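>
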RNA sequence: GCCCGGAUGGUGGAAUUGGUAGACACGUUGGACUUAAAAUCCAAUGGCCGUUAAGGCUGUGCGGGUUCAAGUCCCGCUCCGGGUACCA
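Numbering (my numbering), first residue to last: 21 to 905.
(1) Going by C-alpha distance, which of 733, 747, 860 and 457 is nearest residue 808?
(2) Where are the beta strand (DSSP E) runs, 3 residues long or more, that stay fully inside the stretch 393-420, in chain order?
(3) Suppose the cutoff is 8 Å on Cβ atoms and the five residues either side in sequence are ignored; what does the same chain contact list for residue 5 look like?
(4) Among 900, 552 and 361, which has the Cα closest to the Cα of residue 851?
(5) Between the Cα of residue 720 and the Cα atoms of 681, 162, 706 and 638, which residue gives the shortest distance?
(6) Can the beta-carbon of residue 83 be found closer than 9 Å to that of residue 42?
(7) Per DSSP, what are the beta-bridge partners of residue 851 in this structure?
(8) Helix, strand or coil for residue 91 per DSSP?
(9) Are the stretch 547-562 and the stretch 507-523 touching, with three or more C-beta to C-beta distances below 8 Å?
(10) Which residues mark the beginning and the end of the alpha helix (DSSP H) in which residue 128 is found?
(11) In three-state terms, what does DSSP make of residue 25?
(12) Kindly list the residues whose CB is nearer than 7 Å to the CB of residue 486, restricted to its own chain and excluding five residues on each side of it in sequence; keep chain order.
(13) Using the rule of at least 16 other Cβ atoms within 10 Å of the residue's Cβ for burial, across every protein chain shown, is residue 517 buried or exposed?
(14) Going by DSSP in three states, residue 106 sits in which element: helix, strand or coil?
(15) Excluding the five sequence neighbours on either side, which residues of its own chain have a C-beta within less than 6 Å of the C-beta of residue 354, listed in chain order?
(16) Bridge partners for residue 894 per DSSP, in chain order?
(17) With distances taken between CB atoms, is the gap from residue 501 to residue 570 smaller than 9 Å?
(18) Any heavy atom of the ligand NAD within a distance shorter than 8 Å of the CB on residue 89?
(19) Indicate whether the contact test is met: 3 or more Cβ pairs, each with one atom in the stretch 647-655 and one in the stretch 306-320, closer than 8 Å.
(20) The alpha helix (DSSP H) spanning residue 797 covers which residue range?
(21) Tell me whether the stretch 836-851 and the stretch 812-821 touch, counting them as touching only if at least three CB pairs, one residue from each stretch, are closer than 8 Å.
(22) DSSP on residue 691, reduced to helix/strand/coil?
(23) Quick check: residue 364 and residue 382, are their CB atoms within less than 9 Å of each other?
(24) Decide yes or no for the touch test of the stretch 28-41 against the stretch 95-114: beta carbon pairs closer than 8 Å, at least 3 of them.
(25) Comparing C-alpha positions only, which one of 122, 371 and 598 sits nearest to residue 58?
(26) Determine, using beta carbons only, whether residue 304 and residue 399 come nearer to each other than 9 Å.
(27) Considering just the uninterrupted stretch of the beta strand (DSSP E) at residue 972, what are its terminal residues?
(28) Between residue 751 and residue 798, which are expected to be in contact by the criterion C-beta below 8 Å, what is the C-beta distance as a whole number of angstroms?
(29) Under 7 Å Cβ to Cβ from residue 587, same chain only, skipping five residues before and after it: list those, please.
(30) Find out if the Cβ-Cβ distance for the pair residue 492, residue 563 is shorter than 9 Å.
(31) Please look up how many angstroms separate the CB atoms of residue 456 and residue 392, rounded, as I've assumed it's under 8 Å.
(32) Under 8 Å: do the stretch 88-95 and the stretch 45-53 share three or more Cβ pairs, one atom per stretch?
(33) Quick check: what's the CA-CA separation for residue 628 versus residue 591?
(34) Which residue's Cα is closest to the Cα of residue 859: 867, 848 and 401?
(35) Could you check the C-alpha separation between residue 415 and residue 104 for me, to the nearest Å?
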């Protein structure tokens with residue numbers, strides 16, 4: 021068969037589409053279900069790049085394999101289509117963002133279909149579709165109507181929240197604000213990052229460490245604006261502990277754990293001298309209280325003004341003003357040099373009643389813990405640095421566990437800082453009754469907390485880094501909030517029946533005044549009148565892009581349901597996602613937010629599992645070769661010439677070094693999947709994406725590699741497609757053994773997502789078959805079946821050529837016949853003192869002493885023994901023989 | 001700084017998890033076919049020594065160690081990539 025890949029691929033893509041070969045049925049009778057999900061893409065204007073199909077091909081191989089294994093497979097695709105570029109385009113041209121978005125979706129869909137991926141296209145979803153975002157809005161309403169019951173560790177409907185009697189007695193306003201204070205979604209003033217270039221607020225995590233907006237690179241500033249926030253920290257503990265049982269890469273779990281940032285310690289109360297105020301601090305080291313020599317408040321702390329004494333007032337006020345105005349950019353820039361001011365007040369250290377000064381410094385953050393710390397310079401690096409600069413006392417209370425005598429002495433003298441374990445010294449006080457001298461850290465912490473709790477001076481506490489999630493954006497192209505702000509200052513949410521709240525068509529998409537979204541210009545849409553005649557205004561913010569992607573995996577289960585977000589029965593059948601494949605760039609945000617929403621829906625009994633994604637796999641990044649001169653200057657790929665495996669500058673002739681870099685327009689090394697498919701076909705494209713290396717590794721694209729797999733497909737077509745090479749003769753044992761070994765290997769490799777080695781074993785088998793020049797029909801049919809997940813078009817074509825009428829997609833995966841895997845003999849590598857000297861073929865059932873005799877009896881052995889008697893002979897059956905002399 | 005990865009031929013990468021290092025593929029070289037080229041096919045291909053051959057030595061970022069045996073385990077580094085940023 022001549023390998024006419026274009027024809028073959030078009031033919032089968034049409035066939036699959038026409039016959040709905042990959043339609044997933046809600047077949048509740050079949051208990052074997054497999055839900056395999058790709059992270060759906062944002063359909064950008066530049067189309068698919070070679071990175072997208074890497075994960076998609078991997079999931080497709082798995083999906084096709086599982087179908088052959090008898091699973092009912094759910095394998096859907098959709099579009100995460102709200103996003104900035106479409107809105108920017110609308111601003112520039114006046115075109116509605118939906119128009120450009122739909123165009124981009126069309127391109128993506130066409131490109132994905134060209135690769136021959138086995139999606140159930142009847143389940144396609146688009147986050148910008150009102151039929152979809154109706155339910156995104158619905159989830160927001162659920163969040164708003166949910167509070168977190170700390171006792172039950174569970175989200176519950178707001179109607180089940182008991183309002184304390186003393187609140188009730190104070191009137192409706194108090195009740196309302198009490199309830200609002202418990203909702204998972206709340207509307208409040210928040211100090212937020214503002215990007216004046218995008219005219220939008222950004223979530224903390226969208227601000228890069230250099231203080232610039234990740235979307236545009238413009239520096240951000242702080243602003244106090246009313247925003248929707250979600251109380252994700254309430255779920256911190258469950259988000260953390262839920263990770264343990266997930267089959268996710270450990271690195272990703274670690275990232276989430278770090279992001280959640282749990283730390284255990286204690287809250288301790290310090291009385292301020294004279295004023296009667298109490299400063300509460302969070303510390304992970306209550307055991308070091310005896311070493312606390314000063315305290316620090318964050319500049320934003322509520323007590324700063326009260327604690328500042330007259331003569332310090334001017335200085336303090338200036339410091340606070342500067343600090344608050346400083347962007348995080350400046351704060352981190354100045355991280356090396358800490359600054360602060362003394363308030364003039366003193367607090368009392370509860371363990372020894374000593375007076376310690378209260379300072380204000382911006383190295384203490386307002387959003388974490390209580391926004392105030394006790395400083396223990398002898399045992400905390402930051403405090404030590406600060407104490408040194410402002411000449412505050414350093415009191416060592418722990419004899420370090422170290423062999424470094426110099427360090428030990430310096431620490432004991434308060435001239436060095438020790439943060440590890442040790443034995444307490446100077447840690448007792450007769451009057452207060454606390455004594456931990458001689459103890460180690462673990463016991464010290466325990467004993468101190470007990471002491472604090474018994475005197476009501478503090479209590480054991482847990483803190484999380486995870487902050488409330490800023491959930492609104494000043495954009496047009498996002499889900500509108502189903503919210504009305506009434507003129508009396510109250511808020512109400514739309515009824516479910518009023519959903520979806522669609523976006524109004526605008527004439528222009530420029531942002532509104534005072535940091536409002538373009539929706540502020542949509543007067544007709546914006547203003548509403550209530551039944552009682554009260555005037556209201558709709559929320560002009562929209563939801564962030566995360567919203568749509570937070571729950572899309574649930575909608576795939578029942579994408580056309582207009583009555584409910586999804587049928588519970590179907591959800592119970594399909595969930596959880598068995599395998600989720602996507603890029604590691606979503607390690608924290610998308611996956612954490614998504615888990616959060618899922619847990620809320622679980623608590624409200626909409627979903628049947630606590631976690632959405634059982635197994636997660638991150639594909640690596642696809643990079644490209646790039647070239648640079650000796651001085652490190654990058655040279656665009658079109659100016660590079662290859663001669664005998666070396667690289668030269670086309671113009672200057674200078675020799676260049678090949679490096680690996682991200683694909684970029686400036687380096688002219690971007691690869692378009694369309695070109696590759698045009699030249700080598702979709703099967704070769706798929707195969708190469710998988711053959712490059714391990715799925716989770718980052719690796720460079722090399723077109724020469726595509727040629728390699730293309731050659732493989734050509735050889736397959738030539739041999740297995742030439743019916744004169746496919747005989748009815750009895751198959752040789754050699755081929756059968758190789759075939760069954762290949763089935764086993766491919767099966768194992770697919771299960772473990774090691775597609776590169778699976779392909780390699782398919783190649784090895786093909787090389788053998790080509791060498792033989794012919795195979796029997798059963799062999800050919802078996803081979804084509806295991807080739808199918810990788811190169812489905814060619815496999816279907818061959819399958820048809822063997823006289824089959826039905827698509828290969830629903831055929832059974834071939835079974836391994838163990839008979840062909842058993843070997844009687846093994847060619848042992850024989851080593852002397854660990855060095856391989858010769859090989860010796862021996863029966864596998866030979867006894868060890870017989871093996872010894874056979875080895876020592878071999879004439880080649882005498883040469884290495886040199887007359888010595890072996891001290892030991894190690895025999896590992898079927899593996900190796902090592903003679904120790 | 002801290003937390004995760006990673007480093008194997010000229011290149012992408014294999015190596016049953018402690019047991020034959022370099023599978024498979026690219027590239028290169030030589031050969032066949034061709035008027036020629038492309039395509040295809042065959043052979044060789046880690047480095048060094050050995051005229052050939054037989055064979056030997058050496059070799060998985062660096063330095064130590066454990067073991068009959070280390071790419072794989074342990075200790076100490078170097079470099080590269082990702083995440084994070086004073087989290088008390």
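Ideal Cβ positions, reconstructed from N, Cα and C, are used throughout, including at glycine.
Since the structure is predicted, the reported quantities are computational estimates derived from the model, not experimental observations.
In short:
(1) That would be 733, whose Cα lies nearest to the Cα of residue 808.
(2) Fully enclosed beta strand (DSSP E) runs of 3 or longer: 418-420.
(3) The requested residue 5 does not occur in the structure, where the chain is confined to residues 21 to 905.
(4) Among 900, 552 and 361, the Cα nearest to that of residue 851 is on 900.
(5) When each option's Cα is compared against that of residue 720, the closest is 681.
(6) Yes. Within cutoff.
(7) Per the DSSP secondary-structure output, residue 851 pairs in a beta bridge with 856 and 902.
(8) Here residue 91 sits in coil by DSSP.
(9) In short, these stretches touch, since the Cβ pair count reaches three.
(10) Residues 117-134.
(11) Residue 25 falls in the helix class under three-state DSSP.
(12) Spatial neighbours of residue 486 in its own chain (CB-CB distance under 7 Å, excluding positions within 5 residues in sequence) are listed in chain order as 252, 253, 256, 279, 280 and 281.
(13) Exposed, by the Cβ-count rule.
(14) Reduced to three states, the DSSP call for residue 106 is helix.
(15) With a pLDDT of 48 at residue 354, under the threshold of 50, the predicted position of this residue should be treated as unreliable, though the coordinate-derived value follows. Non-local beta-carbon contacts of residue 354 in its own chain, meaning distances under 6 Å to residues more than five positions away in sequence, are absent.
(16) Answer by DSSP bridge pairing, in chain order: 902.
(17) No, the Cβ-Cβ distance between residue 501 and residue 570 is not below 9 Å.
(18) Although the ligand NAD was asked about, the structure shown includes no ligands whatsoever.
(19) In short, these stretches do not touch, since the Cβ pair count stays below three.
(20) Note, residue 797: alpha helix (DSSP H), 797-807.
(21) Contact between the stretch 836-851 and the stretch 812-821 is not established, with fewer than three Cβ pairs separated by less than 8 Å.
(22) Judged by DSSP in its simplified three-state form, residue 691 adopts coil rather than helix or strand.
(23) Taking a C-beta distance under 9 Å as the contact criterion, residue 364 and residue 382 do not qualify as a contact pair.
(24) Short answer: they don't touch.
(25) Among 122, 371 and 598, the Cα nearest to that of residue 58 is on 598.
(26) Between residue 304 and residue 399, the gap from beta carbon to beta carbon reaches 9 Å or more.
(27) Given that the chain is displayed from residue 21 to residue 905, the structure contains no residue 972 and the question cannot be resolved.
(28) Indeed, because the Cβ distance is near 7 Å, the residues count as touching under 8 Å.
(29) Exclusion of the five residues before and after residue 587 leaves 578 and 581 as the residues of its chain whose Cβ lies within less than 7 Å of its Cβ.
(30) In contact: residue 492 and residue 563 (Cβ atoms closer than 9 Å).
(31) With a Cβ gap of about 23 Å, residue 456 and residue 392 do not count as contacting.
(32) The stretch 88-95, when compared against the stretch 45-53, does touch it at the 8 Å Cβ threshold.
(33) Approximately 7 Å between the Cα atoms of the pair.
(34) Among 867, 848 and 401, the Cα nearest to that of residue 859 is on 848.
(35) Taking C-alpha positions only, residue 415 is separated from residue 104 by approximately 54 Å.
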